[in-house]
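S.K.:
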Amino acid sequence: GSIMSTAKVALRSLSDPLLRDVSAGSQVDFMELRRRPTVLFISYNVEDIEYLKFYLSIFWTQLMTSFTKVPAHDSSILPIYCQMDEFQNLGRIPGMEQSIATLRKFRVSLFLFIQGLAGLHQYGKAAKIIEGNCKTKLFTGGLDYDDCKYVSNMLGKATIRYNSPNSSDLSREERLKDTREMSRSLLEAEEVRQLPPDQIIMFHGAAKPALLGLNPYYQDKELMKFVDLPLTGSVDYMTNRVPIKYVNIGP
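Numbering-wise (our numbering), the sequence shown opens with residue 185 and increments by one.
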């Protein structure tokens, strides 16, 4: 009895008529992403994330596989920029640790957006592989303590020179002799947590870390022009049950 109940809960999404219709066939040609400028949005309600993880995992697996069906380092194909928002909620994508390590040679850039490094824990030991293969890492303020400590350790140490409190009464030569050194974190964990909202810390490969300013798109008139592009054209998908509209981004 308990086994059947568990099985019914695990397979309940397979009996959903809408999901059966969606998965019965495919109108998405992933190779089209390589042939002409295309934007593909995957959108779903936040409250349906747990329910849809199984299907989302299949979709992402198929998408990642399609990325490698072209010759490596082929400059004649269009590059792919794949932004995976709320990555921790997409479900465990099989082979993700291999994909993130190899896709760059197929002209694919992956952008993983997570609330914190704990979002990778569902990948177990593979989490370190995924993290390590993120060539560029960006961190904002407001992180939890473990992530702030991680950033602080990544930033490394700085050497600070100082004089004793009584050195003001000494001559310049004596003050130079009195100069002392100490080591401290470039930024302590608490300082990382308190980063202002218009700053971000970037690590890129073996380069020195950088503290960058942010320019939100909604404060940039030029970027807002793209946000306000009108929708052009429309199709009815799944017999009018799920309307889809496309933005024309071609030349």
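Backbone N, C-alpha and C fix where the C-beta goes; we use that ideal spot for every residue, glycine too.
#1: Taking its Cβ as the centre, do 16 or more other Cβ atoms sit within 10 Å of Arg-425, making it buried, or is it exposed?
#2: Going along the chain, which residues of its own chain have a beta-carbon closer than 8 Å to the beta-carbon of Tyr-329, five neighbours each way excluded?
#3: Whole alpha helix (DSSP H) runs in the region 283-340 with 4 or more residues, listed along the chain?
#4: Contact defined as beta carbons within less than 8 Å: I believe His-388 pairs with Thr-320. What is the distance between those atoms, to the nearest angstrom?
#5: Mapping DSSP to helix, strand and coil, what is Met-280?
#6: Under a Cβ-count criterion, where at least 16 other Cβ atoms within 10 Å of its own Cβ denotes burial, should Arg-364 be classed as buried or exposed?
#7: Hey, quick one: how far does the beta strand (DSSP E) through Gln-383 stretch, first residue to last?
#8: Contact between the region 308-316 and the region 270-285: three or more CB pairs below 8 Å?
#9: Can you name the start and end residues of the beta strand (DSSP E) that Met-268 belongs to?
#10: Report yes or no: do the region 334-348 and the region 401-410 share at least 3 C-beta pairs separated by less than 8 Å?
#11: Roughly how many angstroms separate the alpha carbons of Pro-255 and Leu-195, rounded to a whole number?
#12: Taking Lys-237 as the reference, give the member of Gly-275, Lys-405, Leu-262 and Cys-318 with the closest Cα.
#13: Assign Met-156 to buried or exposed, taking buried as 16 or more other Cβ atoms, counted over all protein chains shown, within 10 Å of its Cβ.
#14: Grouping DSSP H, G and I as helix and E and B as strand, with all else coil, what is Met-215?
#15: Under the rule that 16 or more other beta-carbon atoms within 10 Å means buried, what is Ile-264, buried or exposed?
#16: Compare the Cα-Cα distances from Tyr-307 to each of Leu-287, Gly-340, Gln-272 and Met-338 and report the closest residue.
#17: Going by beta-carbon coordinates alone, are Ala-342 and Leu-370 separated by less than 7 Å?
#18: Would you tell me roughly how many angstroms separate the C-alpha atoms of Ile-284 and Asp-205, rounded to the nearest one?
#19: Going by DSSP, name the residue or residues bridged to Arg-345.
#20: Kindly list the residues whose CB is nearer than 8 Å to the CB of Val-212, restricted to its own chain and excluding five residues on each side of it in sequence; keep chain order.
#21: Looking only at its own chain, which residues have a Cβ that is under 6 Å from the Cβ of Leu-262, when we skip the five neighbours before and after it?
#22: Could you spell out where the beta strand (DSSP E) holding Leu-396 opens and where it closes?
#23: Report buried or exposed for Leu-396, applying the criterion of at least 16 other Cβ atoms within 10 angstroms of its Cβ.
#24: From which residue to which residue does the alpha helix (DSSP H) around Asp-205 run?
#25: Closest by CA to Arg-288, which one among Gly-209, Leu-339, Glu-406 and Met-248?
M.R.: The answer reads as follows:
#1: Summary for Arg-425: the model assigns pLDDT 48, below 50, so the residue's position carries little reliability, and this model does not support an answer.
#2: Ala-373 and Arg-377
#3: 310-316 and 329-339
#4: 5 Å
#5: helix
#6: exposed
#7: 383-388
#8: yes
#9: 264-268
#10: no
#11: 38 Å
#12: Gly-275
#13: As displayed, the chain neither begins before 185 nor continues past 435, which places residue 156 out of reach and without an answer.
#14: coil
#15: buried
#16: Gln-272
#17: yes
#18: 31 Å
#19: Glu-365
#20: Leu-224
#21: Arg-218
#22: 394-397
#23: exposed
#24: 201-207
#25: Met-248
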